[in-house]
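Heads up, the sequence shown is in my numbering, so the first residue is 257 and it goes up one at a time.
The C-beta atom is built at its ideal place from N, Cα and C for all residues, glycine as well.
Please read the structure below before turning to the comments.
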Amino acid sequence: MNPLKLCIALLLLGNALWLPAQDLHIFYDVFEDTIYYQQNGKPVGRASIKKGQQVVLHVLNYNDYLYDLELETETEDFNIPASGSPFFGAGDNTQALAQFRNLTGGMGGTGFGLDGTQIANQGSGMVDQANVSASTKAMARRFASHLKAMEDIESDLQELNGYLKEELESQAFQQIALSEVQQLQQNPRLSPKRIKALSMDYMKPVLGVRRDEELDIGAVAKRANQSDALQNTVTDYEAEVSRLQLELQKLEASRSALFDAGDLPDMDRTALAVAYEAAALRVEDYEEKAKVVRSELSGLESLQLKELTELGYLYEEMKEHRFEQKFVFSPDSDLTTFRIKLNPVDSARLQGVRPKTLSPVKLNTYGGLKVNASVGVSFVRFFDRPQSYSVRDSLIVADDQDAFLPIISSFFHFYPQSQRQVSVGGTFGLGIGIGGDNAGLQTYFLGPSLILGQGQRVVFTTGLTGGKVERLAQGYQSGDVYDATVLPTKSVYEMGFFLGISFNIMGN
């Protein structure tokens with residue numbers, strides 16, 4: 257290939273490699289110890305960025321309640337051709353909560369055992385029998401109406417049960433929520449995402465927050481007086497139990513009257529007895545529950561306004577907490593190394609938590625004009641082959657010398673740094689001839705270079721060269737008649753082309 261065309265082709269290749277790039281985002285997941293990269297919104301497999309662009313380092317899943325983050329950056333230029341537990345503690349208040357759950361559980365739905373019996377339906381069974389008197393039918397309807405009233409009362413009790421359960425949970429959670437959340441924040445075995453989820457689960461019942469609704473500080477302050485409302489609710493609960501007892505007395509009176517009725521069928525008499533006994537047992541259960549709830553309520557402390565307010569602020573902080581940090585850089589060195597170190601905060605250090613050093617993140621930077629030097633050997637060929645001259649039979653004789661000349665060369669390279677392991681640039685060089693008649697003669701080089709590697713590099717260079725060669729002087733030419741012994745010659749600069757290989761002398 258023509259040397260000039262080769263130079264142009266290499267320069268065009270260099271421009272193609274030097275393309276614009278988007279900002280690079282590096283995501284380091286601290287808890288998972290994983291790294292991935294994005295550029296222009298798409299994942300990329302390597303960390304490299306053009307000079308003048310920004311790199312954004314995202315430190316994710318990092319527990320800043322446990323560690324202080326220390327970020328160190330090292331730059332290098334290539335001189336080349338250069339605890340809490342997620343479970344409750346075993347305190348008295350949580351024990352009361354567990355007991356209350358047991359007491360209020362197992363009562364799902366209402367009813368007093370009349371399903372499938374004739375007594376439960378006034379329009380069927382014995383009330384339709386021809387041999388049953390009107391007065392007996394009326395007493396049966398009265399018995400069923402008392403059962404229905406007891407079911408309605410039980411529905412009210414179930415609603416009160418739900419309210420009491422939530423409020424007693426709030427009371428019990430409040431005693432441990434603040435300390436538990438603070439311990440969770442410094443648990444090194446849990447991921448920050450899990451810490452956040454558990455902390456929110458602790459705080460929401462205390463603050464009366466459902467799902468992810470906004471926190472109302474005013475409503476939180478009112479919860480400091482929630483004990484009075486809770487006492488009133490227990491009083492209402494006891495009043496409903498008293499109503500249930502009264503209806504049971506009426507039910508018992510209806511049952512006695514029906515039992516005295518001579519025309520009551522035996523099958524209905526049996527169903528009547530079963531229904532009454534079932535109702536009496538459920539009333540007895542509610543009486544016992546009312547006593548236990550009152551007893552357990554007296555052992556719970558009221559929610560404190562100061563603690564509630566502090567917990568409310570902690571809730572808002574935790575809700576918005578992202579457990580990450582972001583750093584923005586505009587690197588201008590060839591290689592930037594990020595070293596992340598996690599230093600335990602004082603309270604965590606007292607618990608034995610040790611510092612952690614994460615895997616380094618290495619970032620290559622390309623682009624920008626670089627100037628570097630290399631040393632090697634070049635092989636030079638002149639367009640007109642050098643010759644040696646002598647006189648034979650009174651005629652000037654010219655003999656061709658070597659087809660190429662090896663020359664020790666030093667180069668200066670000018671190139672835009674590529675993000676790949678190959679860069680293309682321009683080169684100017686100086687060479688000193690070795691061996692033969694060319695020893696010590698200066699030769700100059702100019703052309704494009706192909707630079708391989710980023711640290712220790714190899715450079716291939718080609719282009720035009722200029723150096724001195726011996727030619728006949730005083731107008732003589734080969735074949736002319738010449739009678740003297742010493743031929744007149746002169747040293748002149750001539751053009752040629754070369755191919756050189758060199759290595760960096762200032763590499764890393």
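| query | In its own chain, which residues sit with a C-beta less than 6 Å from the C-beta of Q730, not counting the 5 before and 5 after it? | reply | P744
| request: Please state whether DSSP places Y749 in a helix, a strand or coil. | output: Correct three-state label for Y749: strand.
| Close Cβ partners of Y738 (< 8 Å) along its chain, the five nearest in sequence each way excluded | V647, S650, L651, I652 and Y732
| said: Can you look up Q677 in the DSSP assignment and give me helix, strand or coil? | reply: coil
| query | Which first and last residues belong to the alpha helix (DSSP H) in which R605 is found? | reply | For R605, the enclosing alpha helix (DSSP H) begins and ends at D602 to L606.
| task | Go ahead and pull the three-state DSSP assignment for F515. | result | Of the three classes helix, strand and coil, the one that applies to F515 here is helix, per DSSP.
| Reference P461, options T699, G568 and Q643, closest by Cα | G568
| said: I want to know whether the stretch 568–587 touches the stretch 310–318 - three or more CB-CB distances under 8 Å. | reply: Because the criterion of three Cβ pairs below 8 Å is met, the stretch 568–587 and the stretch 310–318 touch.
| Option nearest A509 by Cα separation, candidates H402, L564, Y493 and V601 | H402
| task | Quickly, what does DSSP pair D655 with across the bridge? List them, please. | result | S644
| query | When DSSP builds the beta bridges, which residues end up paired with D285? | reply | T290 and L316
| query | Cβ of S666 within 8 Å of Cβ of A629? | reply | yes
| D324 to E566, Cα distance in whole Å? | 23 Å
| query | Would you call Y749 buried or exposed, if buried means 16 or more other Cβ atoms sit within 10 Å of its Cβ? | reply | exposed
| field | Residues of its chain near S705, where Cβ-Cβ distance is below 6 Å and the 5 sequence neighbours each way are ignored | value | Same-chain partners within the cutoff: H669, G681, T683, V715 and T717.
| task | In angstroms with no decimal places, state the Cα-to-Cα distance between F639 and A659. | result | Cα-Cα distance, rounded: 10 Å.
| Does DSSP put V490 in a helix, a strand or coil? | Here V490 carries a helix assignment [DSSP, helix/strand/coil].
| field | Three-state secondary structure (DSSP) of F579 | value | coil
| Helix, strand or coil at S401 [DSSP, three-state] | helix
| Can you list, in chain order, the residues of its chain whose CB lies under 6 Å from that of Y532, leaving out five sequence neighbours each side? | Excluding five sequence positions before and after Y532, the CB atoms of its chain that fall closer than 6 Å to its own CB belong to R511, given in chain order.
| query | With distances taken between CB atoms, is the gap from P672 to G632 smaller than 8 Å? | reply | no
| Thinking C-alpha only, which one of V609, Y493, N319 and L720 is nearest G756? | L720
| Local conformation of Y323 per DSSP, three classes | Y323 sits in a strand when the DSSP states are folded into three classes.
| query | Assuming I596 and L322 make a contact with CB atoms under 8 Å, what is their CB distance in whole Å? | reply | Between L322 and I596 the Cβ distance is about 14 Å, and since that is not below 8 Å, they are no contact.
| request: Can you tell me which of the three DSSP states Q441 falls into? | output: Here Q441 sits in helix by DSSP.
| Helix, strand or coil at A629 according to DSSP, with G and I counted as helix | strand
| S705, DSSP secondary structure in three states | strand
| task | Output the distance between the C-alpha atoms of K626 and Q294, rounded to the nearest integer angstrom. | result | 27 Å
| query | Looking only at DSSP bridge pairs, what is Q698 linked to? | reply | I688
| query | Cβ atoms of Y292 and F579: under 8 Å apart, would you say? | reply | no
| request: Give a yes or no on whether the C-beta atoms belonging to P662 and F635 are separated by under 8 Å. | output: yes
| query | Where do the ends of the beta strand (DSSP E) carrying P448 lie? | reply | No beta strand (DSSP E) holds P448; the alpha helix (DSSP H) holding it covers P448 to L463.
| Counting along the chain, where does the beta strand (DSSP E) carrying E470 start and finish? | Careful: E470 lies outside any beta strand (DSSP E) and carries neither H nor E.
| query | Can you name, in chain order, every residue of its own chain whose Cβ lies under 8 Å from the Cβ of D519, other than the five neighbours on each side? | reply | N387, V388, S389 and T392
| According to DSSP, residues forming a beta bridge with V715 | I707 and S758
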